[in-house]
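Undergrad: In UniProt numbering, the protein residues as written are 1 to 139. Sending over a structure as structure tokens; questions will come in a sec.
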């Protein structure tokens, strides 16, 4: 999004959602390598079953990374002033995640204009995986 497009947004506006391909075992293995998080609960089916799970599941930080990518599709990373999430539920292999954002506040400071965006990640069943918010500077 360009700065002029961001400037047209108003409180209550929904941002264009971003969807991702279904989470695969390959996705989990690649994310483990990229992030350094090799917790076996995310990549070893036998381990996951030994602790009572039916299968491995996605790293919570993978969903957060998808949201980060969503944010940088809206604004340059240099304009992101804050970004936080809370993990809501486990993301299973095969889940197709969608990142959603809603403008909830626009404020002016002496230095810059700030937009607060309410964020969430849901799967194909509308099960909420992450919720959070971000503040971006614009104009």
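Here a beta-carbon is modelled for each residue, glycine too, at the ideal position from N, C-alpha and C. Small disclaimer: the values here were computed from a predicted structure and weren't measured.
Name the residue from 79, 121, 124, 102 whose alpha carbon lies nearest to the alpha carbon of residue 3.
TA: Residue mapping note: residue 3 aligns to position 3 of the chain shown, counting from 1. When each option's Cα is compared against that of residue 3, the closest is 79.
Undergrad: Looking at the structure shown, is residue 5 part of a helix, part of a strand, or coil, going by DSSP?
TA: As a first step, residue 5 must be located in the chain shown, where it is residue number 5. In this structure, residue 5 counts as helix in the three-state DSSP scheme.
Undergrad: Determine, using beta carbons only, whether residue 119 and residue 101 come nearer to each other than 8 Å.
TA: Sequence index remark: in the chain shown, residue 119 carries index 119 (1-based). Sequence index remark: in the chain shown, residue 101 carries index 101 (1-based). Yes; because the gap between Cβ atoms is below 8 Å, this pair is in contact.
Undergrad: Taking the alpha carbon of residue 136 as the reference point, which residue from 124, 76, 51, 95 has its own alpha carbon closest?
TA: For the purposes of this step, residue 136 is taken as residue 136 along the chain shown, with counting starting at 1. Nearest of 124, 76, 51, 95 to residue 136, Cα basis: 76.
Undergrad: Cβ atoms of residue 9 and residue 31: under 8 Å apart, would you say?
TA: Stepping through the chain shown from its first residue, residue 31 is reached at position 31. Stepping through the chain shown from its first residue, residue 9 is reached at position 9. No, these two residues do not count as a Cβ contact at 8 Å.
Undergrad: Comparing C-alpha positions only, which one of 107, 91, 94, 59 sits nearest to residue 39?
TA: Residue mapping note: residue 39 aligns to position 39 of the chain shown, counting from 1. Among 107, 91, 94, 59, the Cα nearest to that of residue 39 is on 59.
Undergrad: Candidates 66, 71, 97: which alpha carbon is nearest residue 22's?
TA: Position 22 of the chain shown, counted from the first residue, corresponds to residue 22. Of 66, 71, 97, the residue nearest in Cα terms is 97.
Undergrad: Please state if the CB of residue 117 and the CB of residue 134 are separated by a distance shorter than 8 Å.
TA: In the chain shown, the residue the question calls residue 134 occupies position 134. In the chain shown, the residue the question calls residue 117 occupies position 117. Yes, these two residues count as a Cβ contact at 8 Å.
Undergrad: Is residue 52 helix, strand or coil by DSSP?
TA: As a first step, residue 52 must be located in the chain shown, where it is residue number 52. Looking at residue 52 - three-state DSSP - the assignment turns out to be coil, as it is neither helix nor strand.
Undergrad: Between residue 86 and residue 65, what straight-line distance do the alpha-carbon atoms span, to the nearest angstrom?
TA: Looking up residue 86 in the chain shown gives position 86. Looking up residue 65 in the chain shown gives position 65. Answer to the nearest angstrom: the Cα atoms are 13 Å apart.
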